[in-house]
Amino acid sequence: MSRVSADTLAKAIDYILHGALVEKHRNFLETVELQIGLRDYDPLKDKRFAGTVRLPNPVRPRTTILVLGTYADCARATASGIESRDLEFLRALNRNKKRIKQMHKHFDVVLASSAIIRTIPRLLGPTLSKARKFPTVLGPEDDLDAKAMELKCQVKFSLKKVLGMGTAVGHVNLTKDELRHNCHVAINFLVALLKKNWGNVKTLHLKSTMGHPFLLYKLAAAGGTPQTVADDESLLSAFVAHHASRECGKARGR
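My numbering numbers the first residue of the sequence shown as 965 and each following residue consecutively.
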C-alpha cells in the first residue's frame, strides 16, 4: 500500500506542470523525475538491487532506436521508420572502435535480431558493452512498433554507491492522470525491491528537469507518522516561501 496520498501526488503534479508549462516554458521537453532517498541500507554490505518496470505511459517519447539484423530485419525496421544496419555493414566496421562508436552514439537503444545476436561480440568486440548499449534481443515474430513503445515506457531502478537515486517517470506533455498513474506504478515497484519496503524509504521528491523538487514523502521520527508537504499547511507555506526567496536571490544576482 502506498504511503503517498492521492491528494499529495495531485498537488505535486499540479505544481510541476504549472512551473514547466505556465511560469517558465522552455524550448525542450522537460522530464519528470522521481528522486528517492534511502535509509538503513549499506551499499557496501547489503545486496544492491536493480529492476526494470514498464510504466503505463511513455517516459522518453524521443528515444532513438537502432536495429542490427538480417536484410529481412532491416526491411521490417525501415517499414516502422527505425534506423537499421545489416550484417555486411557490421563486417565492414572491422571491429574499429571509432567507427563502431560513430555508429551507436546517436542512438539510445540498440536491438539485434535473434539470428545474429550471438555474432555481435565477434563482429563488434566489447565496444557496445562498455557503452552500456549491448543489444536487446529482437525476435522474428516481435512487433517492432510495440517493442519501440515498450522501450519508451521502461524505467530502471538501480542502487549504486550512494543512498540517493532518481529515475524518470514521465514528461511534462503527459496529462495529469497519465503522470499520476506512472508515479503510482514506479513508487510501488521501487518499494517492492527494497528489503524493508517502506522502512527503507527516507524521502520521495518529484521534480521536472529545470523545476524545483516537491516533497511527496518524508519518514517521520520514531513513533511519528510519515509527513508530506501537503499534509501540513505550515510546511507548504514554508516550502513556497523558501523557493520564492531563492528566486528573489537569483534576481538580485542578475
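Ideal placement from N, C-alpha and C gives every residue a C-beta, glycine not left out.
- In the assembly as shown, A984 is a buried residue. Its beta-carbon has 16 or more other beta-carbons within 10 Å.
- Looking at the DSSP output, S969 bridges to nothing.
- Counting other Cβ atoms within 10 Å of its Cβ, T1091 reaches 16 or more and is therefore classed as buried.
- The three-state secondary structure of K1182, taken from DSSP, is strand.
- Under the three-state reduction of DSSP output, D1006 falls in the coil class, being neither helix nor strand.
- Distance from the CA of V1155 to the CA of K1140, rounded to the nearest whole angstrom, comes to 22 Å.
- In this chain, R1026 is not harboured by any alpha helix (DSSP H), its DSSP state being neither H nor E.
- Within the segment 1098-1164, the runs of alpha helix (DSSP H) that reach at least 4 residues and sit entirely inside it are, in chain order, 1108-1117 and 1140-1157.
- Between V1074 and L1008, the C-beta gap is not smaller than 8 Å, which leaves the two residues out of contact.
- Looking from the CA of V1149, the closest CA among K1160, T1131 and A1056 belongs to T1131.
- Counting along the chain, the unbroken alpha helix (DSSP H) around A1056 starts and ends at L1051 to L1057.
- Residue environment for R1040: buried (at least 16 other C-beta atoms within 10 angstroms of its C-beta).
- DSSP, read as helix, strand or coil, puts G1033 in strand.
- Across the set Q1118, M1174 and D1072, the C-alpha of M1174 shows the shortest separation from the C-alpha of T995.
- Residue pairing by DSSP places A984 in no beta bridge whatsoever.
- Assigned with DSSP and collapsed to three states, L1170 falls in strand.
- Counting C-beta pairs closer than 8 Å gives three or more between the segment 1157-1170 and the segment 967-977, which meets the contact rule.
- When beta bridges are read from the DSSP output, R1096 appears opposite no residue.
- About 6 Å separates the Cβ atoms of N1021 and L1138, confirming a contact at the 8 Å cut-off.
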